[in-house]
Structures are given as C-alpha cells and as structure tokens.
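Asks:
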Amino acid sequence: MGDMDSVELLETKFSRRTFIKGVIAVGATATATSQFLGRPGIAGAQTMAGSAARLITLRVNDQDRPVDVLPNETLAMTLRYRLNLTGTKLGCDRAECGACTVLVDGVNQYSCSMLTHQVRGRAVTTIEGLQNPDTGELSTVQQAVLEEGGFQCAFCAPGFIMSMTAMIDDNPNPTREEAAHALSGNLCRCCDYDKILTCAMRAAELARSV
Amino acid sequence: MAEKLIGTDIAPPDLIAKITGRAKYSEDFRADNMAFAKILASPMPHARVRRVDASRALALPGVLGILRAEDVPQRDGPREAVLTDEPHYEGEPILAIAAETEQIAAAAIELIDIDFEPLPFVIDPLESLRPGGPNAYSGGNLFSDDAWSEIKWTAEDFAEIDAGRMPNAEAVVEWSKGDVSAAFAASDLILDEVIVHQSLSHHPMEPRSNMAYWENGKLFAHVSTQSAQRTKYAMAGMLDMDPEDIVLVAEYCGGGFGSKISGSTIMALPAFFSRKINRPIMHRVTRAEENYIGRARPGFQSWLKMGFLSSGKCNAIDLYLVEEAGAYGSGDNGTAGMVADLTYTPQNMRFRAVSIYTNTPPKAAQRGPGGAQIISMMEPILDKAGRELGIDRLEMRMINAPDADVSFGPRDSQLTSVHAKEALRMGAEMFDWAGKQSLSGQRVGSKVSGIGIGLSPYTAGSRGFDGLMLISPEDGKLHVHQGIGNLGTHSIADTARPAAEILGLNWDQVEIVWGNSSRGMPRSSVQAGSQTTHAHTRANHAAAMDARRKIQEVAARTLGGAANAYRMDNGVVTGPGGRMTFAQIAARAIELGGEYDGHTLPDDIHETTVPAATGLAGKGLMGVAKDNYGGEGGIYSWVAGFAHVELDVETGVVEIKEYVGITDCGTVIHPRSLGAQVLGGSIQGMGMAMTQRWVFDPQYGVPFAKRLYTARPPGILDVPPNMSWGAVGIADPQSPVGAKGIGEPPVGAGAAALTTAVADAMGGKCLCRTPLTPDIILAELEGRTRAHGRLDMHVG
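Chains U and B, in that order, are what the protein sequence lines are. Sequential numbering from 2 applies to the first sequence in the numbering used here. Sequential numbering from 7 applies to the second sequence in the numbering used here.
(1) With C-beta atoms as the reference, is B/A189 less than 8 Å away from B/A322?
(2) Helix, strand or coil: how does DSSP classify B/A780 here?
(3) Going by the DSSP bridge assignment, what does B/E750 pair with across the sheet?
(4) Which residue from B/P375, B/G243, B/L598 and B/N147 puts its Cα closest to that of B/K158?
(5) Between U/T87 and chain B, is there a C-beta pair that is closer than 8 Å?
(6) Can you pull the chain U residues whose beta carbon is under 8 Å from the beta carbon of B/S212, in chain order?
(7) Is any beta-carbon of chain B found at less than 8 Å from that of U/L116?
(8) Determine which residues of the segment 101-112 of chain U have a Cβ less than 7 Å from any Cβ of chain B, and write them out in chain order.
(9) Pull up the distance between the alpha-carbon of B/A410 and that of B/L421, whole angstroms please.
(10) Is it the case that the Cβ atoms of U/N143 and B/I25 are separated by a distance below 8 Å?
(11) Mapping DSSP to helix, strand and coil, what is B/A466?
(12) Can you tell me whether B/A806 is buried or exposed? The criterion is at least 16 other CB atoms within 10 Å of its CB, across all chains shown.
(13) For the candidate residues B/T539, B/V412 and B/E613, whose alpha-carbon lies nearest to that of B/E250?
(14) Since B/I72 sits in a beta bridge, which residues does DSSP pair it with?
(15) Less than 8 Å between CB atoms is the rule here; does U/P175 satisfy it with respect to chain B?
(16) Among B/V253, B/A17, B/A429 and B/G145, which has the Cα closest to the Cα of U/E148?
(17) Along the chain, which unbroken stretches of the beta strand (DSSP E) at least 3 residues long are found entirely within the segment 277-355 of chain B?
(18) Looking only at its own chain, which residues have a Cβ that is under 7 Å from the Cβ of B/D121, when we skip the five neighbours before and after it?
(19) By Cβ distance, which residues of its chain are closer than 6 Å to B/V255, with the 5 residues on each side in sequence left out?
(20) Of all Cβ atoms in chain B, is any one closer than 8 Å to the Cβ of U/D135?
(21) Report the rounded CA-to-CA distance for B/M799 versus B/N141, giving the unit in angstroms.
(22) Could you tell me how far apart the beta carbons of B/A548 and B/A631 are, in whole angstroms, since I believe they sit closer than 8 Å?
(23) Evaluate B/P124 with the Cβ neighbour count: other Cβ atoms within 10 Å of its Cβ, from every protein chain shown; 16 or more gives buried, anything less gives exposed.
(24) Taking the alpha-carbon positions, what's the B/I662 to U/V211 distance?
(25) Based on Cα-Cα distance, which residue from U/C192, U/S164 and U/P67 lies nearest to U/Q110?
(26) Of all the options B/D77, B/S497, B/E788 and B/D91, which has the alpha carbon lying nearest to the alpha carbon of B/D15?
(27) Quick one: any contact between the segment 719-733 of chain B and the segment 682-698 of chain B, if contact means 3 or more CB pairs under 8 Å?
(28) Compare the C-alpha of B/G577 against each of B/G721, B/V532, B/G693 and B/Q515 and name the closest.
(29) Kindly give me the distance between the Cβ atoms of B/V753 and B/G337, rounded to whole angstroms, as I take these residues to be in contact under 8 Å.
(30) Between the Cα of B/R431 and the Cα atoms of B/L46, B/T539 and B/V645, which residue gives the shortest distance?
(31) Under the rule that 16 or more other beta-carbon atoms within 10 Å means buried, what is U/G99, buried or exposed?
(32) Please name the residue, chosen from B/A65, B/V88 and B/S478, that lies closest to B/A75 on a Cα-to-Cα basis.
(33) Does the structure place the segment 594-610 of chain B close enough to the segment 444-452 of chain B that three or more beta carbon pairs sit under 8 Å?
(34) Got a sec, what are the start and stop residues for the beta strand (DSSP E) B/V578 sits in?
(35) Taking just the CA atoms, how far does B/L493 sit from U/A201?
(36) Among the candidates U/E74, U/A124 and U/P159, whose CA atom is the shortest distance from the CA of U/N1?
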C-alpha cells in the first residue's frame, strides 16, 4: 500500500483507531515522544520509511494555504509549525485536554488527533480565523469572553473558544448544564469553569441577538 | 481622589491577545535556523549510567549534537542538574539530542545505546525509615549541613505505628509551645487519628517548553515561568553568567501553580545546548515528560492528636508529619505546622516532622503548599469533635478560629489582619448553613447528602520590593514596568491600578510593560505564595507617589508657585501657574534631568533595579521607589468554603451540588478576577481531595498515573454549573492599598469542604485519606478490607 492509499483510506473513515493505525502504517516512530517536524529537503526526514512530505492545499481560515505535509503529520503540528498559526495550543498531544481544538467544517475537533491529510477539501478554522480580518471585529464568542473577562492563564482559551463557537451554532439557547456538556472536551487547569460558563452563556445570548 | 479603578472589573490589557491567538507562550516563538531537542529520560527510579554509545544516533542525518551531564553544572548532594548520569527518579533527564527536526531528534534518541546499573530505591518515606530500609540516595536519606546521613526509626517505633499509634520516633523538625501534656490531661475529648494525604502533580496546561539562542554573547531565553525578573536571575545563576547578558522573554505563562516559580531546571537546557552547537534550540516538553519533571505536591503520612474542652475549644495539638521529599527535597511540613496552630489556636502544641528523600519525581510548592494538605486533613477531625461534643460544626470553627490578637507558630507570630470569622459568617449566610442542616445524611434513592466547611488560611503578601514607571513625552501615558510574571492571575495589570489612581489617570492612560527583561524590570517578588498583589500594589504605590511628587515639582519649576498646590487629573496638571499635560511634564522632566528623568536614582532601591532604571533614564518622567511602608506580622488571607455533596452509596461516586467560597483578602482590587481565583483555587482543591494522585508500582518504582486522564484534574462536569463567592472586603491596615493575596488559601478551603462533606454523608466517618476515590469510599461503606495499608502512599 502506498502512502497516498493509506492516507485516502483514512480520509474515508476516520476514527481514533484508524488515526493511530495510519501513523503506524506510514512507518513513523509511534512512541509517546515522537513528533514530526520534517521540512522538505532535510536529509534524515527521508530516511524514515514513508516520511516524504507532499505539497497539498489546505483551506484554513477562508484562505487556500499550499503547504508541504508529511503523511503522518497531525493538523496541530501543520498549523503551528508550517503555517505559523500558533494560537492553536498543544497541551497534551493526545486528545486529553482540548487546547488544540479547531473547527473542521464547523465541528470542533482535536487537531492533535487528526492527520492533516484528512482535512484536504475541508474548511479548517483556527482561533486566528475568528476575528474579522478586514474590520478587526471580534467574533461573537470572543466578544463575550472579552465582556466577561474570561480565562486566567488562557493556555486553554483558544480551544474553549473554538468549542464555544461550535456550541452556539449547535445550540444557541443552552442552559449552563448544557453548555458545560458542550465544553466538557476542554480542560482548564486554572479551573476557571464558573467564569467560562458565564462566557459561554453570554456568547449564546449575543448570538441570539444577532 | 475618586476611587475609580480599585474595586472595578477591568479586563486585563492582554486579554485580546489571549482570545485571538496572538498571545505568545514560550513554544510559540520561532528563531531563524531553529533546531529541536529531545531528552532521553531514565527508565528506572534510581540508577547509574554505566555506558553510553551515541554513535548511531549522531550518525543519523540531521542530528546536530548531544548534550550530556558533563556539559552542564553538577553539584553535590540532592541538587537537581539539567541532566544527570545518576538519575534519582523514573523520567529524570539523562541526555539530550538536537536535530534539524524533532522527528529526527526523537528517532536519534531511540538509537542511543545506553546501559544503566540499577541501584536500590524507595518510593515510600516510611519504608526508608524502617530499620534496614532502603535509601533514595547512595549516601543516605537525609541531607543536612552539606552532608548525607541516615535516619532510621526503631522496631519499637514501628510496633507503635503498626498498632495505629503515633510513634515517639526521632524527628528532624520539632517545636512545641505551651504545656502540651498538661493540656491533654485537661482535655474533655481527645481524638487520635492516622491521616494520609497523597502526592499529586501540578500539571499546568502549558508544559514547560522553552526556546533559547545566543547572539553576540547574549542569551535570548523564551521561558515558561510564573515570575519574570527573578527568573532572569535564576537563569543567570544556572549558567553562571552576567544577568545583564540575558534577555528573558516570558510574556505569558500557561499555568504554574508553584511548579514554575522562577522558571524550572529544564529551562536551562536550550540555553546550554544552543551555546554548545550554536543553533537556536526549541525544547518541547510532552505531557508525559511534564508529569515527571513538572513537579508534584508532596504527600504526608501523619499522626494527629487533638484535645478539646467541652466548650468546643481545641486546647492541644500533637502533630507528627512524615513528608515525601521526592528526589530533590521538599519543605511543606513547616507551613503545615504553622497553619494548624493558626487555624485552631490550641495554645499548646507539639509539632514534629521528617522530610525523607524518595525516588519519586521532584516535589515543589503547589498552591497552598503544606497548608492546603493540613486543612483538608484536619477539618474533618474538627467536625468529629463537634459531633462528639454536640456542637454545630460552624460553631466549632467560630470557637477556634483566630482573632486579631492571634499569636501562632514556634515564634509566636502575629498577623497584620485577620477576618476569618467574618468570612465564616458571610459564607454561612450565603450557603444557608442553618437551613441546610436537614440535608446532612438525607438519603434519596442511592444518594446521601453531606454538607461541609473548610476554613483555610495562607500567606498572602511580602514587603520591600521596588516599583518603576515612566511617563512618556510621546503619549503622556504612564508606562508601568512590571518585573512580575504574567501567570494568569491578572496581577500583571491589577497591581498597577493604585499607581493610576494616585496620578489621577484613567485606565486607558496606563500601559503595562512586561514580559521582556530588555524593556526594564524592577526588583520584584517571585510570583508565589500569593505575595504579588500585596507586594506590588505597595511597590507601585510607592513609585507612583515618587512620580506624583516629581510631577508637582516639575510643574512648579516650570510654571511657578508651590509644588504641592498642583493637582493632577486625567493626564493634566493644574496649579497656580497654569496647566501642563503629562506629555509636557515628561518632556520638561527630561530637560531638567537628575532624578526627574531617572539619571539620579534613589539610594535604597535594589541593586537589580538599577540597571533597569538606568536603561530607561532620559526617556520621560520616572517614578522609582522601594516599598518602605514597612509593617509587622505575617500577611495571611483566608477562604471559608461551604459545600453540599451527594454520595452515591452504590457506586462511591461523589457529586458536588453546591459550593460557596468567601475570602478575607483585604481590599478587593478586581472583583471578577478575585472570584475566579477563589472558585478556581477551590476547584483545584476539590481535585486534590477527590481524584488526583500518583500511583506507583512498588516493585519497580515506576508510576502508573502519568497523564491527565490518569491523574484526573477536575473537568467542567465535575463541578456545579453555578458556584458562588464573596469577599469580606476589609482593608489590611498595614498596606496603603489594603489588598492581600488570594492564590493559595482557596485550595485548602475547597479540599476541606469536600473532605468534611463526604465525612458528613458517611455519618461523620472520616476516611482520613485523600483522594477520596470511589473504590476507597465503597470499601468503607461496604465494610470491606481496604486494598492498601492505612499509611500506604501512592495507591489508586
């Protein structure tokens, strides 16, 4: 099976298990410590089986972004280290904390646990894509967080804000309990949950008034 | 002057950056030609590296070099180095590889041929204290006066321990006050308990990733750290270099909670490696690595004897703590003893402790170090006494909590202010303690309710640091130079508010300068021990008073009249001779020179403030001063936490239904941020009480709970969707601003509110152990034998 085949297989049916199998299938060192930051043309990146980067075009924050991507590269690493979109954070790199949450076709996803090749042809939105690039206007959720003074250390903030953005689209009239469930894939170690819920409720309120 | 800034909700100026993704944490910086480092970590709890063959790793295309223990400073004794050839815990960094990509570096680590000699290890301090028990270090289990020794308890001591009694064993720390045995003889009730508080990781959201590079002999270090100015000096010490040759960039910190106070040991790795191979080095720390090197709160194994009079007054405490010091030491026990004496005011107390090295990951202060543990351990015992004496549990706290005349600890320390009872009263009212009595033990289906209270003090201030600020001729704004770190508490902005008020400025006329040491940082406290709000509202107050005097003098010298006749408001000075804008004042200050623009500095500012102030001289009107306000006594804040829980007696799962936290922390600067500290800190305490712990395999000395899902910090569904908080709001009389810190005390309050509420749901039965995991609770409810010994540490 060639690299492209395995990637396309992944694209047709994504799950955490297929994600892991995909990483293994392309021959990466699948240990807890391994990361991939291969740049094209760097000797060594080629020495590992199947780790040649391919030029693909991603749709990120309403822009077409041509980018060289390894077959086993996660979306989080592509965003952070190739597209310099460092607003997406890596807190655990293993789907435990949600700091890396982005929207893929409007759905909140852990970008640490998606292969970049899986999002070809799909719309990726990161924290950098929420503010209106022409007017500088904040998104509804960002505005709500600003008004409520949300977050402390804020390392989790981009992930929470992306999940809130998906939430108000899905359920613009949540109770605090429902909002907590919608945001339960994100961890805040400062435990600022009470204020985060207040931000989410304000975001929903602003969304309803638009 | 109108109090328009103190006590209002103002979003911190960095919030827009935080919510748009523009805020740069240390791993978000890039340098040209940046290479990546990966570490090889010890697979054993104690070992010696016998042989390393890195030839295959170094031959891998793209590999740039190796950093070994011999490349970094090593010190004798239990003193952590960046890399070591004798690891004292599983996960300790042995060596590092740098490569063009992180993938290559990781692959090269796998190609290292390394041979370890396994050495004896111990993970439970009590095991190390047994006769003939193993030591964590080859030299012993105790290090003092720069030498190793061994402390072993006797077989008789362990016979007492095995019988469930406090041993009369040799202690390293010991103090007493009053007449303890006479007091116990006079007690109407004596409770004798064995209590275990387990160790738990800090796990900040941002792992301690760092990046560094050198240019023309200068080190540019991008560091994840709670503090800033002090971290620069810590880094200089580690590299043995002139601090002024370091540009420390620490704009944001993704949480520390005590684990990144002056940065961390590993922060020097990119600096050393970059110097060796002459390339910028990014070292990304993974979550699993963070679990090992990212610090943990030390656990306690303890014996507690508390005596009470029939009135409910605690009249005697005898407390013995065994502290797990990990690989590099820990001193939480001292504060634990102080906090016990402060909270229950027995007047007669004996405190003994040993802190024993173990081959477990390094321990460090974790939010409320010592205090949070002891409060979560002792509050259920106070409740037990209340039940036996027939006294309401709130009343027990009102009877025992200190008043303003308190004197506590071995040196009879005083406090600047204490309003613990006001916090209890406010909390009882907001929670409806009286009305909720009927919930206690009430069963609906399989769920039994319990209510609890935790009263928790902690240090909340320090004195004598410097403030530095500049009014710029270009914009007329006040630029407050902060040497404190931006660790998420908003103190980076909030401590500047008194300065703005003194100078009559609106908040949009203030710029906070922070996060880059080259921009000028005054001598600051570390951002730990909840010092910052108190210490730096004072320091900024002092510097603003200096600026105010200079503004008046510059105006008088320019326009005529008496200096003190000039008033300032909204960036304009008005007086007998007319008016000037702050921009004009700043330009005139530069013309006048001397002290006005910082060319002459006060004699009493700290030597490390001088280079920062000198670098800003001539750029505007400078306010610079040391906090000379003085004061006597310890500065402590308090939180009273009230919780209602439901314990499912079929599953052992505890659900938190309601929580109220009330603080005494002096004047409230920023209400919304304060509420976040009170509730966030309380929830951290709830995690400590309910879910978070280390679990070790005792045979091999390696941990099982390594990641967030196994160490389980609280998630958003673990807490009620509505929580309440409040503040007593009485100013501390010894500060010109009146504010005290708040970071630490809520942790013990949240933890103890749960340990007491769970005990209440179990009919007053104290499990005397944290965390209160469902299996431990169920075993107790079902009368089964526990799966572990009473004093065992590191169990699930």
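The C-beta atom is built at its ideal place from N, Cα and C for all residues, glycine as well.
Replies: In brief:
(1) yes
(2) Per the sequence shown, the amino acid found at residue 780 of chain B is Pro instead of Ala. It is helical.
(3) DSSP, once it has assigned bridges, lists no residue as partnering B/E750.
(4) B/N147
(5) yes
(6) Before going on, a small fix: residue 212 of chain B reads as Glu here, not Ser. Under the 8 Å cutoff, chain U gives K90, G92, C154 and F156.
(7) no
(8) none
(9) 7 Å
(10) What sits at residue 143 of chain U in the sequence shown is Gln, not Asn. A contact, by the Cβ cut-off of 8 Å.
(11) coil
(12) The structure shown has nothing for residue 806 of chain B, since chain B only spans 7 to 802.
(13) B/E613
(14) B/I103
(15) no
(16) B/A17
(17) 287-289, 306-314 and 320-332
(18) R56 and R57
(19) H228 and N522
(20) no
(21) 17 Å
(22) 4 Å
(23) exposed
(24) 36 Å
(25) U/S164
(26) B/S497
(27) yes
(28) B/Q515
(29) Not quite, the Cβ-Cβ distance comes to about 17 Å (not below 8 Å), so this is no contact.
(30) B/V645
(31) buried
(32) B/V88
(33) no
(34) V578 to G581
(35) 23 Å
(36) Shown here, chain U extends from 2 to 211; a query on residue 1 of chain U therefore has no answer.
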